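Protein chains in written order, with the numbering used here: chain A, 109 to 228; chain B, 109 to 228.
Worksheet: one structure, shown below.
There are 2 protein chains.
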Amino acid sequence: MSKSPVLELTPSEAVACCSPLTRQPLSSSEAEQVAPILKALADPVRLRLLSLIASHEGGEACVCDLTDAFDLSQPTISHHLRVLHESGLISRDKRGVWVFYRARTDSLASLAALIGSPTQ
Amino acid sequence: MSKSPVLELTPSEAVACCSPLTRQPLSSSEAEQVAPILKALADPVRLRLLSLIASHEGGEACVCDLTDAFDLSQPTISHHLRVLHESGLISRDKRGVWVFYRARTDSLASLAALIGSPTQ
DNA sequence: GCCATACATCGATATCTGTCGATGTCTTGC
DNA sequence: GCAAGACATCGACAGATATCGATGTATGGC
Chain A
109 MSKSPVLELT PSEAVACCSP LTRQPLSSSE AEQVAPILKA LADPVRLRLL SLIASHEGGE
169 ACVCDLTDAF DLSQPTISHH LRVLHESGLI SRDKRGVWVF YRARTDSLAS LAALIGSPTQ
Chain B
109 MSKSPVLELT PSEAVACCSP LTRQPLSSSE AEQVAPILKA LADPVRLRLL SLIASHEGGE
169 ACVCDLTDAF DLSQPTISHH LRVLHESGLI SRDKRGVWVF YRARTDSLAS LAALIGSPTQ
């Protein structure tokens with residue numbers, strides 16, 4: 109009972125439902141949906157990873173491109189990428205021996221819209 | 109050496125310096141500045157607190173307005189408000205026996221701008 | 001001055017999380 | 001098929017954090 113056949117929605121896709129933070133009180137369940145995504149972002153290593161991936165040539169980067177930028181072990185980088193991926197902030201694409209990650213700008217935009225309501 | 113006489117900047121005010129995540133790689137020190145602010149937001153209770161405060165009548169709320177909305181002790185609510193305040197996401201204003209908190213929409217806007225670069 | 005009320009701080013504790021080395025899995029080239 | 005390389009998973013452990021009850025501090029009313 110790990111994989112349900114119904115609509116698969118990453119956490120950050122589900123965020124698009126919520127109206128901006130400052131508009132009306134976030135419900136308890138909405139807050140529990142949003143918090144894990146922010147938690148995924150709320151780490152200096154993951155922030156840099158996401159930024160590196162997004163600003164990398166072609167908008168994507170393989171793990172080997174990323175590990176060099178940090179003084180951290182490969183499993184640790186892999187762990188952080190997993191957290192970002194599970195929260196829906198980056199997408200995975202395995203091509204041959206390499207795995208390419210890409211920032212999901214739609215998710216980031218939804219998150220931004222939720223936090224900083226446009227002049228309201 | 110706890111309080112310096114120079115310009116006092118809350119963490120979230122300092123964020124305004126950084127260019128959007130996806131624009132160029134975040135530096136290590138920038139990431140270490142931003143992460144704590146996101147970490148302050150990345151909790152379901154604090155998300156609801158901030159949302160409650162921001163959408164409350166007059167844009168502000170006292171602690172007594174907030175504690176009732178949660179099944180948590182008063183010290184716990186006080187702790188979360190402290191975290192939000194220290195990260196610069198809400199402001200404090202003591203009036204008589206009450207302490208009023210207000211969402212700092214400028215900080216939220218900066219954070220949003222950093223995460224979701226406007227169509228770029 | 002004293003008491004009630006609103007809020008903050010403290011100390012303790014259980015849980016979560018970032019990190020590592022070791023190991024597993026999969027793909028490619030020979 | 002086998003060895004090498006790219007990446008993921010596992011188990012362990014140290015440090016961070018959410019929560020509580022108890023207690024401290026400040027304000028206002030009597």
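Yeah, the Cβ is synthetic: ideal placement off N, Cα and C, and Gly gets one too.
In this text the structure is predicted, and so the values were computed from the model without any measurement.
Taking the beta carbon of GLU138 (chain B) as the centre, do at least 16 other beta carbons fall within 10 Å, making it buried, or is it exposed? Here the question's residue 138 (chain B) lines up with position 30 in the second sequence. The residue in question, GLU138 (chain B), is buried, as its Cβ has 16 or more Cβ neighbours within 10 Å.
How long is the line joining the alpha carbons of LEU216 (chain A) and ALA169 (chain A), rounded to whole angstroms? Position 108 of the first sequence, counting from 1, holds the residue named residue 216 (chain A). Position 61 of the first sequence, counting from 1, holds the residue named residue 169 (chain A). The alpha-carbon atoms of LEU216 (chain A) and ALA169 (chain A) are separated by roughly 18 Å.
When you compare the segment 201-211 of chain B with the segment 192-211 of chain A, are there three or more beta-carbon pairs, one atom per stretch, that lie closer than 8 Å? no
So ASP214 (chain B) is in the alpha helix (DSSP H); what residue range does that whole segment cover? Locating residue 214 (chain B) in the second sequence gives position 106, where the first residue counts as 1. Note, ASP214 (chain B): alpha helix (DSSP H), 213-223.
To the nearest angstrom, report how far apart ARG190 (chain B) and PRO128 (chain B) are at their CA atoms. Numbered from 1 along the second sequence, position 82 holds the residue referred to as residue 190 (chain B). Numbered from 1 along the second sequence, position 20 holds the residue referred to as residue 128 (chain B). Distance between the alpha carbons of ARG190 (chain B) and PRO128 (chain B): 27 Å.
Could you give the distance in angstroms between the alpha-carbon of HIS164 (chain B) and the alpha-carbon of LEU192 (chain B)? On the second sequence, residue 164 (chain B) is found 56 positions in, with the first residue counted as 1. On the second sequence, residue 192 (chain B) is found 84 positions in, with the first residue counted as 1. Each residue's alpha carbon lies about 17 Å from the other.
Between the segment 147-158 of chain A and the segment 140-154 of chain B, are three or more C-beta pairs nearer than 8 Å? yes
With 16 other CB atoms within 10 Å as the buried threshold, where does GLN182 (chain B) fall? Stepping through the second sequence from its first residue, residue 182 (chain B) is reached at position 74. Exposed, because fewer than 16 other Cβ atoms sit within 10 Å of the Cβ of GLN182 (chain B).
Could you pull out every unbroken beta strand (DSSP E) segment of at least 3 residues lying fully inside the segment 162-192 of chain A, listed in chain order? Taking only runs of at least 3 residues, the beta strand (DSSP E) segments lying wholly in the segment 162-192 of chain A are 168-170.
If you measure between the beta carbons of SER145 (chain A) and SER186 (chain A), is that distance less than 8 Å? Taking the first sequence and counting its residues from 1, the one referred to as residue 145 (chain A) is at position 37. Taking the first sequence and counting its residues from 1, the one referred to as residue 186 (chain A) is at position 78. Residue identity differs from the one stated: residue 145 (chain A) is Ile in this sequence, not Ser. No.
Among the candidates B:ASP179, B:GLU140, B:LEU158, B:ALA177, whose CA atom is the shortest distance from the CA of LEU157 (chain A)? Locating residue 157 (chain A) in the first sequence gives position 49, counting from the first residue. Ranking B:ASP179, B:GLU140, B:LEU158, B:ALA177 by Cα distance to LEU157 (chain A) puts B:GLU140 first.
Hey, LEU155 (chain A) and LEU180 (chain B): beta-carbon distance below 8 Å or not? As a position in the first sequence, residue 155 (chain A) is number 47, starting the count at 1. As a position in the second sequence, residue 180 (chain B) is number 72, starting the count at 1. The Cβ atoms of LEU155 (chain A) and LEU180 (chain B) do not sit closer than 8 Å to each other.
At a CB-CB cut-off below 7 Å, which residues of chain B make contact with ARG131 (chain A)? The count along the first sequence starts at 1 and reaches residue 131 (chain A) at position 23. Those are SER163, listed as they occur along chain B.
Through-space distance from CYS126 (chain A) to ALA220 (chain B), alpha-carbon basis: The count along the second sequence starts at 1 and reaches residue 220 (chain B) at position 112. The count along the first sequence starts at 1 and reaches residue 126 (chain A) at position 18. Their backbone Cα atoms lie some 15 Å apart in a straight line.
Return the Cβ separation of ILE198 (chain B) and ILE161 (chain B) in integer angstroms, given the expectation that the two are a contact with Cβ distance under 8 Å. Translated into the one-based positions of the second sequence, residue 198 (chain B) becomes position 90. Translated into the one-based positions of the second sequence, residue 161 (chain B) becomes position 53. About 6 Å; that satisfies the 8 Å criterion.
Who are the Cβ neighbours of SER159 (chain B) in its own chain at under 8 Å, not counting the five residues just before and after it? What you label residue 159 (chain B) is simply residue 51 of the second sequence in a count that begins at 1. Cβ neighbours of SER159 (chain B) beyond the five flanking positions: none.
Rounded separation between SER225 (chain B) and HIS188 (chain A) - CA only: Within the second sequence, the letter at position 117 stands for residue 225 (chain B). Within the first sequence, the letter at position 80 stands for residue 188 (chain A). Cα to Cα, SER225 (chain B) sits roughly 22 Å from HIS188 (chain A).
For THR130 (chain A), is the classification buried or exposed, using 16 other Cβ atoms within 10 angstroms of its Cβ as the cut-off for buried? Taking the first residue of the first sequence as 1, we reach residue 130 (chain A) at position 22. Flag for THR130 (chain A) reads buried.
Going along chain A in order, which residues have a C-beta closer than 8 Å to the C-beta of ILE198 (chain B)? Working through the second sequence from its first residue, we reach residue 198 (chain B) at position 90. Those do not exist, as ILE198 (chain B) stays about 11 Å from chain A at its closest Cβ, beyond 8 Å.
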